[in-house]
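Here is the structure we will look at.
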Amino acid sequence: MFLLRPDKPETEQDEAMFDASYKLFCERIIRQRLLVNNEVLRMGQLRQAFIDMVKANEGVDASNYRQDLLKKRLAQDFPQLAFHMPTKRNVCELVFAETLSKDALVDMLPDPSGTETTQSSELSQTDSDNETGRTKCQTTHEDTRTLYTAALFLKRLLSDTPGMSCPWPPTSENVNVTESQTVVPIGLYNLLSWIIGSTEEPTLDHYVNIDDDVHLKVLSVCQDIVYLASKGRKQTPKSLALGLTVRHLTGSSRIVSLLNRLGHCASWDTVLSLDTSLAQLTLVEGRDKIPKGFSKRTPTTLVWDNIDFGEETLSGRGTTHHTNGIMLQSVPGEPMSTAIRQPLRKGVTSFIAPPPMPIQPYHQSKRQGPQNLCQPVQSATCRMDTHFAVQAEMAYAFVKSTCTDSCTIPSWTGFHTLLQDENTLQKSALYYLPVIEASPTEMSTVNTILKRSVQIADQLELDHIVLVFDQAIYAKAQQIRWKDVEFTKRLVIRLGEFHTCMSYLSILGKRFGDAGLQDILIESEVVAPGSINGVLNGHHYNRSMRAHKLLYESLQRIRFITFMDSLPPQERAACMDVITEMECAFPDRFMDVLSADQRFDNMCSKYADFVQRRSTENATFAFWSSYIDMMQLLLLFVRATRESNWQLHLSTVRLMMPWFFCLR
1 MFLLRPDKPE TEQDEAMFDA SYKLFCERII RQRLLVNNEV LRMGQLRQAF
51 IDMVKANEGV DASNYRQDLL KKRLAQDFPQ LAFHMPTKRN VCELVFAETL
101 SKDALVDMLP DPSGTETTQS SELSQTDSDN ETGRTKCQTT HEDTRTLYTA
151 ALFLKRLLSD TPGMSCPWPP TSENVNVTES QTVVPIGLYN LLSWIIGSTE
201 EPTLDHYVNI DDDVHLKVLS VCQDIVYLAS KGRKQTPKSL ALGLTVRHLT
251 GSSRIVSLLN RLGHCASWDT VLSLDTSLAQ LTLVEGRDKI PKGFSKRTPT
301 TLVWDNIDFG EETLSGRGTT HHTNGIMLQS VPGEPMSTAI RQPLRKGVTS
351 FIAPPPMPIQ PYHQSKRQGP QNLCQPVQSA TCRMDTHFAV QAEMAYAFVK
401 STCTDSCTIP SWTGFHTLLQ DENTLQKSAL YYLPVIEASP TEMSTVNTIL
451 KRSVQIADQL ELDHIVLVFD QAIYAKAQQI RWKDVEFTKR LVIRLGEFHT
501 CMSYLSILGK RFGDAGLQDI LIESEVVAPG SINGVLNGHH YNRSMRAHKL
551 LYESLQRIRF ITFMDSLPPQ ERAACMDVIT EMECAFPDRF MDVLSADQRF
601 DNMCSKYADF VQRRSTENAT FAFWSSYIDM MQLLLLFVRA TRESNWQLHL
651 STVRLMMPWF FCLR
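Heads up, the sequence shown is in UniProt numbering, so the first residue is 1 and it goes up one at a time.
Put into structure tokens, the structure is as follows:
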């Protein structure tokens, strides 16, 4: 039995078949679309259009008509057609007129995804649809050309940007927002502002005006672009400051390197070189140099405290436990003229460490208290100085006591923040002093601190200088100061506000803890049982302040409601009118109403008489009223610190001192 080649199926057509449909196909598609309209079509699209025309005109299914036969017929009948096979194997050949230019060919290319359509309607659309398609392609190409032109313009701007022009190493006055703008081209900054929709101001003459928070973000992104475009050769304030900050916070080279690979900061070697150069600059300029921004004969404050890095060591020894200080001037005068510094060599990551600051030895002897005290300040005088501040606290208590659910009066901190005028506080000049490589708990280190402070006072030509310590160093510093005549004359030693508050909070806990304060805070779930000791001794400062503020406001409300219930109906209505007026005046006219309304003074006087009368009648009432008074004094001290009210600060400290001597 032999295998024979099967006969040619009847359904397969030779290349001369379907002449009628072929002629119509050539007239509508080939001549009109390819030769006249200069379109570019795929061979698969042409075959499908031919099959559809055969089906429509002759009623024959020509789906088995091979594509190579159609291509052969077209190549014979239209030699002016060009056939191009793309590099992708899953994409059909492109068919177009050979007279088509390269630019026109690019404009008229079909969808590059290679997706073929099976609908002949795409090739049978009307002339208006053809025109719309060409316009769309032209618009896309025009957009591409516009974006590319803009990119070339920005690339030229970035290459012309000089980068940071300050000598190496850049200091704090070279790494700020103002200096950051000098390394960012106006065109780049404005373009990003337009992209994110922050402004619609079309200008390249100056930086467009946007919100401050958005301004910082845009400036940050622009610096990343400048750093990336220069391949790290042009440093920016952000790249240096962020790398140095992360190094000081974490000490991790991996984190800095990760941020560097993401284009956000300088490399680890650059950051290490910057840190080393800053240390060298300090040595070159000398430790006794008056820093920029400070002036002579201006009141100055020195703050000294321990600085611990908390390194992990196997034995726990060898960790950093040094002493650091800062210098402050609240009212900067005319800054001292400084010579133009010479740049240091880049790339230095290590150098010979300078000798540490010598420690002045101190030999303890018999303790000695303060001598030649001046006339004591009377507490009555201090109470007069705090009168207006106390009235503001009373007004807050009155308004909050009558508040309903719809009341808009905030809590204590928000209340006094809204009452503050804008630009009340002045920015202080700050400078970090050289580190003393010794523990501040040693008497010799404290003695060195005092001698160093006197030297700074001499450099600034000051008769007196103020020193601020924490509680541990304060006691040692006073012991040394009281024994030395020069220290007593030249140094004014103060306990820091934070430690003053902590000590006073421990006084409140010691006096009222066993009298019911501990049970109140735990049963009301204001403080967890495991945290109550830290709250009462003041070590958990934030929790302790929150708990005492809540209790203070609650007791004030209970006492004021009791006072209102004791008044006749007519006087009670008059008091409510005053409170309603103050509530409506908050915050814009609150202080004006408080100082000008005589009715409020009368209400405060009646309230004070009521408290005094009930305190003589009821010992429990008097005991918890003393808690309200003590807590009110602490809040006034906090207000004085935050508002930089020196007179109120002195008065509150004088009124707090009896409690320190009594219960500490």
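By construction, the Cβ of each residue, glycine as well, lies at the ideal position given by its N, Cα and C atoms.
Give the straight-line distance between the Cα atoms of residue i and residue j, rounded to the nearest whole angstrom.
i    : j    : result
R613 : A619 : 11 Å
S524 : I579 : 29 Å
V221 : C265 : 12 Å
T652 : W624 : 20 Å
T117 : L152 : Note that T117 scores a pLDDT of 44, beneath 50, so its modelled location is shaky; the value from the coordinates is reported in the next line. The straight-line gap from Cα to Cα measures roughly 37 Å.
F644 : Q360 : For the record, residue 644 in the displayed sequence is Ser; it is not Phe. Taking the straight line joining both Cα atoms gives about 35 Å.
D609 : C662 : 27 Å
R134 : E142 : Residue confidence is low: R134 scores 47 on pLDDT, short of 50, so the model does not pin down where it sits. Its coordinate-derived value is still stated next. So the alpha carbons of these two residues sit roughly 12 Å apart.
A395 : A585 : 12 Å
G369 : T488 : 11 Å
H215 : L283 : 37 Å
W194 : T146 : 16 Å
S230 : A150 : 18 Å
M53  : P79  : 23 Å
T320 : L419 : 44 Å
L191 : S401 : 54 Å
M582 : G414 : 16 Å
Y148 : G263 : 23 Å
T11  : S21  : Low confidence applies here, because T11 scores a pLDDT of 42, under 50, leaving its location unreliable; read the following figure in that light. Looking at the two C-alpha atoms, the distance is approximately 17 Å.
G197 : L204 : 16 Å
G507 : D519 : In the sequence as displayed, the identity of residue 507 is Ile instead of Gly. In a straight line, the C-alpha of I507 is about 17 Å away from that of D519.
I522 : S554 : 15 Å
Going by DSSP, what residues sit across from residue i in a beta bridge?
i    : result
Y432 : I326
W304 : G325
R546 : Paired residue(s): none; R546 is not in a bridge.
L94  : R42, H84
L491 : I465
Do residue i and residue j have their C-beta atoms closer together than 8 Å?
i           : j    : result
E39         : R47  : no
G538        : L505 : yes
R639        : A389 : yes
N57         : L24  : yes
S453        : L462 : no
M357        : I456 : no
V183        : T245 : no
S566        : S428 : no
E98         : A75  : no
Y362        : S277 : no
I186        : Y207 : yes
residue 753 : E393 : This structure cannot settle anything about residue 753, because the visible part of the chain is limited to 1 through 664.
L281        : L344 : yes
Quick one: what does DSSP say residue i is sitting in, helix, strand or coil?
i           : result
I473        : helix
V54         : helix
L650        : helix
R73         : helix
P410        : coil
R589        : coil
L41         : strand
S567        : Residue identity differs from the one stated: residue 567 is Leu in this sequence, not Ser. Three-state result, L567: coil.
I465        : strand
H215        : helix
R66         : coil
residue 676 : This structure cannot speak to residue 676, because the chain is shown only from 1 to 664.
V271        : helix
L100        : coil
A528        : coil
D385        : helix
Q364        : coil
N645        : coil
T140        : helix
L262        : coil
D19         : helix
A392        : helix
S165        : coil
Is the beta carbon of residue i within less than 7 Å of some heavy atom of the ligand FAD?
i    : result
Q181 : In the structure on display, the ligand FAD does not appear, and there are no ligands present to speak of.
Three or more C-beta pairs closer than 8 Å, one from the segment 245-259 and one from the segment 268-280: is that the case here?
yes
I'd like to know if the segment 536-552 and the segment 581-594 are in contact, where contact means that at least 3 CB-CB pairs between them fall below 8 Å.
no
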